Each structure stands twice: as structure tokens, then as C-alpha cells.
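Visitor: Note that our numbering has the sequence shown beginning at 494, numbered continuously upward.
C-beta: ideal position from N, C-alpha, C; glycine also.
Here the structure is a predicted model, which means the values were calculated and not measured.
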Amino acid sequence: MCRLRSGEENPDAALLRGSSRPPDPMETTPLDPSLPGVRVLQSWIREQLPLSIDLVSNERIEGRLVWQDSEFLAVERPGAVRPVLVSRRHVIVIRTLG
Numbered sequence: 494m495c496r497l498r499s500g501e502e503n504p505d506a507a508l509l510r511g512s513s514r515p516p517d518p519m520e521t522t523p524l525d526p527s528l529p530g531v532r533v534l535q536s537w538i539r540e541q542l543p544l545s546i547d548l549v550s551n552e553r554i555e556g557r558l559v560w561q562d563s564e565f566l567a568v569e570r571p572g573a574v575r576p577v578l579v580s581r582r583h584v585i586v587i588r589t590l591g
């Protein structure tokens, strides 16, 4: 058991009081399957629909969505050996092509 010196506060005590620590950049939120957008993307994955994804950089990526998580979309481009990972934060529009 770790004992604190006089005047020291347990690091978890701030959390119990409602104070928050800065967010951990490596911590992600879980994918919420109750959200309609997540469900639509999952149906497009199952149907293997070709998609067009517009990014904030004015770039357009076309291909088939193979999986999604809370941070990235994996898009398989025609003729590519491996999928390209697209950050959800950089997506503006996703539309079906088929």
C-alpha cells in the first residue's frame, strides 16, 4: 500500500471531486453502434458499396469501405493491395457511388 506524505493528495481524489485531467491523446471513445451514421456505414460495408469520401483537404477518395472504428475508416481503393486509412476527423462527406 502506498502512503502519502502529510499534505499530499491522492491523485485520484481530484477525479472524485469532479475535477478533470487533460484528455489522453491515445485514449479513444468506443464506436457507438446506436448512432445512425455508424449503422449506415456498417450496412455499406456489408453491401460492399463503392463510396466517394471528400476530405477537408479537398481530396477525394473512392473505394469500398472494409471496416470502421472510432478513429479511422479503412477504404479499399480499386487495384490497391492494402486499404488506405482515413481519419474520421478529416471527412466532410461520404456518398455511395452504386
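Roughly how many angstroms separate the alpha carbons of G591 and T522, rounded to a whole number?
Guide: Between G591 and T522, the C-alpha separation is close to 31 Å.
Visitor: Within 7 Å: the Cβ of S563 and any heavy atom of the ligand PLP?
Guide: Among the components modelled here there is no ligand, and therefore nothing to report on the ligand PLP.
Visitor: Would you mind working out which of I585, P515, T589 sits nearest N551, comparing C-alpha positions?
Guide: With distances taken between Cα atoms, N551 lies closest to I585.
Visitor: Could you pull the start and end residues of the beta strand (DSSP E) that L558 belongs to?
Guide: Element bounds for L558: 553-561.
Visitor: In chain order, what residues of the same chain lie with their CB nearer than 7 Å to the CB of D525, ignoring the 5 residues before and after it?
Guide: Hits under 7 Å: V531.
Visitor: Could you give the C-beta distance for R553 and F565, rounded to a whole number, given that I count them as a contact under 8 Å?
Guide: About 17 Å; that fails the 8 Å criterion.
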